[in-house]
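All remarks here apply to the structure that follows.
There are 2 protein chains.
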Amino acid sequence: MPPSTSTPRSAPRPLRSDAARNRGLLIDAARELFADRGVDVALEEVARRAGVSIGTLYNRFPTRPALIEAVFADRLEKIAGFAMRALADPDPWRGFADYLFDVCELQAKDRGFNDVAARGLADSPENQGLRRQIGDAMTQLIERAKRAGAMRADLAIEDLAFVVWGISQTVERTAAVAPRLWRRHLALMLDGFRADAAHPLPEPPLPPEAAHAAAPGCDPAADSDSVPDPSPGPGRQTTN
Amino acid sequence: MPPSTSTPRSAPRPLRSDAARNRGLLIDAARELFADRGVDVALEEVARRAGVSIGTLYNRFPTRPALIEAVFADRLEKIAGFAMRALADPDPWRGFADYLFDVCELQAKDRGFNDVAARGLADSPENQGLRRQIGDAMTQLIERAKRAGAMRADLAIEDLAFVVWGISQTVERTAAVAPRLWRRHLALMLDGFRADAAHPLPEPPLPPEAAHAAAPGCDPAADSDSVPDPSPGPGRQTTN
DNA sequence: CACGAAGGTGAGGTCATCCTCAAGTTCATA
DNA sequence: TATGAACTTGAGGATGACCTCACCTTCGTG
Numbered sequence: 000m001p002p003s004t005s006t007p008r009s010a011p012r013p014l015r016s017d018a019a020r021n022r023g024l025l026i027d028a029a030r031e032l033f034a035d036r037g038v039d040v041a042l043e044e045v046a047r048r049a050g051v052s053i054g055t056l057y058n059r060f061p062t063r064p065a066l067i068e069a070v071f072a073d074r075l076e077k078i079a080g081f082a083m084r085a086l087a088d089p090d091p092w093r094g095f096a097d098y099l100f101d102v103c104e105l106q107a108k109d110r111g112f113n114d115v116a117a118r119g120l121a122d123s124p125e126n127q128g129l130r131r132q133i134g135d136a137m138t139q140l141i142e143r144a145k146r147a148g149a150m151r152a153d154l155a156i157e158d159l160a161f162v163v164w165g166i167s168q169t170v171e172r173t174a175a176v177a178p179r180l181w182r183r184h185l186a187l188m189l190d191g192f193r194a195d196a197a198h199p200l201p202e203p204p205l206p207p208e209a210a211h212a213a214a215p216g217c218d219p220a221a222d223s224d225s226v227p228d229p230s231p232g233p234g235r236q237t238t239n
Numbered sequence: 000m001p002p003s004t005s006t007p008r009s010a011p012r013p014l015r016s017d018a019a020r021n022r023g024l025l026i027d028a029a030r031e032l033f034a035d036r037g038v039d040v041a042l043e044e045v046a047r048r049a050g051v052s053i054g055t056l057y058n059r060f061p062t063r064p065a066l067i068e069a070v071f072a073d074r075l076e077k078i079a080g081f082a083m084r085a086l087a088d089p090d091p092w093r094g095f096a097d098y099l100f101d102v103c104e105l106q107a108k109d110r111g112f113n114d115v116a117a118r119g120l121a122d123s124p125e126n127q128g129l130r131r132q133i134g135d136a137m138t139q140l141i142e143r144a145k146r147a148g149a150m151r152a153d154l155a156i157e158d159l160a161f162v163v164w165g166i167s168q169t170v171e172r173t174a175a176v177a178p179r180l181w182r183r184h185l186a187l188m189l190d191g192f193r194a195d196a197a198h199p200l201p202e203p204p205l206p207p208e209a210a211h212a213a214a215p216g217c218d219p220a221a222d223s224d225s226v227p228d229p230s231p232g233p234g235r236q237t238t239n
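Line order of the protein sequences matches chains A and B.
Mind the numbering: the first sequence is residues 0 to 239 in numbering that gives the first Met the number 0, read in order.
Mind the numbering: the second sequence is residues 0 to 239 in numbering that gives the first Met the number 0, read in order.
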């Protein structure tokens, strides 16, 4: 794979040629290392594989999130593509299911993306647009599937996080030993989303404003006021 | 809470009184720290909270797994208790669902246990007995629920790992912001386990011999021969 | 070509954790 | 109470990752 020559989007000032080349080398190196060891690899190792010094890495990407951001920038576009393809499917349920399959397959194929998806990294403000686009498409996918009578009416878009989170863990635990097992996990979850499976749910979905806080990059501080349990509630009310 | 005076099971030689006391102090300190910060807390901090030196900690527990083991030894018994209670329920489905609820609640209430459950720590050979007992009870729970026509016939006991893994991630991401949300995730998964939800599954369950390898404590080596994908298989066959 | 700004370099300071071990202390037995 | 084995202690070496910065190199423009 030749080094990617993609220039940074909305560049304030164009990078000098050597800097741009090194940026590409770093992103390529990081992409490969992230893919099979996760996004927590040592940055020194990324620099080493890229063939540049650690100082250069920090010049281009002052923080780890900045590097992660750059590495996974294209994934959002890819996902948006999946969502569009799904919406083009005449069968609403199949479109929905295939969309989740595609996203999960991305997780299964790239440990780095799996980390990013599960931990909610790469939430930069600049791809806010893509994010909303994907969100809108997902909302439509869900609406469509509900109208077709295939999906349970009480499923919220926020519930799809359960899929990403769950699959992320299954992938992490079983990729080495049963690389396709996540498909079974996904199929089971999907069956729980069907209309004919619906039994009353014990809790409301994650409120959207909480969704942002639910996948923090990493804030070691901010431990002060933990959210109090809103209702004492009866113990054990899984379903009824 | 007074320091636990529990002596180590099957003691080869009884500890001297001061050593036994320190062991209890260490376990208590670790239990508390693990519970709200996870099992990766610095061992020096455990020693500090216990009021003993780091050297003493290493005397009592030569490795971190040994300490984790000791801290969570009682949980297996607790879970066995849940399984027995579940089997006593005249309603097979409710017994099954309540059992999973109880286990997940343990995860939600104790971040350390959540780690242990998700990562498959604390698999010491000595509570092999308890493990088998729990496994047998779970098999019975599943069989019973299937016979009652409530549970899909193709659910395997290994599939319950998806629940533990998935809930672990949901708890980790949302405990601070929506401490009861895991119940919704569980309820959705449970609906996927019901007989009336069943659609063909795309993959066989995790083979039992692989289950052991699926949740490694931590082996930085052993990276050599990764398991090859057994069948090239058709892309995208989530459900049909 | 020459010059200044942009960029590259990597040794080394910082930090957090792990784990050891030689010396001192305490327990339990006679 | 005396003695030795068991136990405790905590300074400190080892590790690994992070990040900086003073100095050198390269680019690109005039």
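Ideal placement from N, C-alpha and C gives every residue a C-beta, glycine not left out.
None of these values were measured; they are calculated from a predicted model.
Which of helix, strand or coil DSSP assigns to residue i
{"i": "residue 47 of chain A", "result": "helix"}
{"i": "residue 167 of chain A", "result": "helix"}
{"i": "residue 59 of chain A", "result": "helix"}
{"i": "residue 193 of chain B", "result": "strand"}
{"i": "residue 34 of chain A", "result": "helix"}
{"i": "residue 211 of chain A", "result": "helix"}
{"i": "residue 15 of chain A", "result": "coil"}
{"i": "residue 202 of chain B", "result": "coil"}
{"i": "residue 179 of chain B", "result": "coil"}
{"i": "residue 162 of chain A", "result": "helix"}
{"i": "residue 65 of chain A", "result": "helix"}
{"i": "residue 186 of chain B", "result": "helix"}
{"i": "residue 174 of chain B", "result": "coil"}
{"i": "residue 27 of chain B", "result": "helix"}
{"i": "residue 40 of chain B", "result": "coil"}
{"i": "residue 218 of chain A", "result": "Because the pLDDT at residue 218 of chain A is just 29, under 50, the model does not fix this residue reliably, and the point stays unresolved."}
{"i": "residue 72 of chain B", "result": "helix"}
Cβ pair residue i, residue j closer than 8 Å
{"i": "residue 200 of chain A", "j": "residue 186 of chain B", "result": "yes"}
{"i": "residue 110 of chain B", "j": "residue 36 of chain B", "result": "yes"}
{"i": "residue 147 of chain A", "j": "residue 191 of chain B", "result": "no"}
{"i": "residue 194 of chain A", "j": "residue 151 of chain A", "result": "yes"}
{"i": "residue 169 of chain B", "j": "residue 180 of chain B", "result": "yes"}
{"i": "residue 50 of chain B", "j": "residue 24 of chain B", "result": "yes"}
{"i": "residue 59 of chain A", "j": "residue 21 of chain A", "result": "yes"}
{"i": "residue 205 of chain A", "j": "residue 130 of chain A", "result": "no"}
{"i": "residue 210 of chain B", "j": "residue 142 of chain B", "result": "no"}
{"i": "residue 120 of chain A", "j": "residue 67 of chain A", "result": "yes"}
{"i": "residue 167 of chain A", "j": "residue 106 of chain A", "result": "yes"}
{"i": "residue 82 of chain A", "j": "residue 117 of chain A", "result": "no"}
{"i": "residue 202 of chain A", "j": "residue 63 of chain B", "result": "no"}
{"i": "residue 154 of chain A", "j": "residue 94 of chain A", "result": "no"}
{"i": "residue 99 of chain B", "j": "residue 162 of chain B", "result": "yes"}
{"i": "residue 275 of chain B", "j": "residue 92 of chain B", "result": "The requested residue 275 of chain B does not occur in the structure, where chain B is confined to residues 0 to 239."}
{"i": "residue 18 of chain A", "j": "residue 70 of chain A", "result": "no"}
{"i": "residue 97 of chain A", "j": "residue 88 of chain A", "result": "yes"}
Any non-hydrogen atom of the ligand GDP within 7 Å of residue i CB
{"i": "residue 156 of chain A", "result": "Of the ligands one can find in the structure shown there are none, so the ligand GDP has no counterpart to examine."}
Presumed contact (8 Å Cβ cut-off) between residue i and residue j, rounded CB distance
{"i": "residue 78 of chain A", "j": "residue 26 of chain A", "result": "With 8 Å as the limit, residue 78 of chain A and residue 26 of chain A do not qualify as a contact, their Cβ atoms being about 19 Å apart."}
{"i": "residue 43 of chain A", "j": "residue 32 of chain A", "result": "The Cβ separation is near 11 Å, so there is no contact."}
Next on the checklist: At a CB distance below 7 Å, what residues from the stretch 159 to 183 of chain B approach chain A? Give them in sequence order.
Outcome noted: 161, 164, 165, 167, 168, 169, 172, 173, 175, 176, 177, 178, 179, 180, 182 and 183
Item to check | Contiguous alpha helix (DSSP H) assignments of at least 4 residues, all confined to the stretch 80 to 159 of chain B | outcome: 91 to 108, 110 to 118 and 127 to 146
Next on the checklist: Output needed in chain order: residues of the stretch 80 to 98 of chain A with a Cβ under 8 Å from some Cβ in chain B.
Outcome noted: 96 and 97
Next on the checklist: So if I threshold CB-CB distances at 7 Å, which residues from the stretch 30 to 41 of chain B count as touching chain A?
Outcome noted: none
Item to check | the stretch 187 to 207 of chain A: positions lying closer than 9 Å to chain B by Cβ | outcome: 187, 188, 189, 190, 191, 192, 193, 195, 196, 197, 198, 199, 200, 201, 202, 203, 204, 205 and 206
Checklist entry - If contact means a Cβ-Cβ distance below 7 Å, which residues of the stretch 115 to 136 of chain A contact chain B? => result 117
Checklist entry - Which residues, in chain order, does the stretch 16 to 31 of chain A contribute to contact with chain B at a C-beta distance below 8 Å? => result none
Next on the checklist: Counting only Cβ-Cβ distances shorter than 8 Å, please list the residues of the stretch 55 to 82 of chain A near chain B, keeping chain order.
Outcome noted: none
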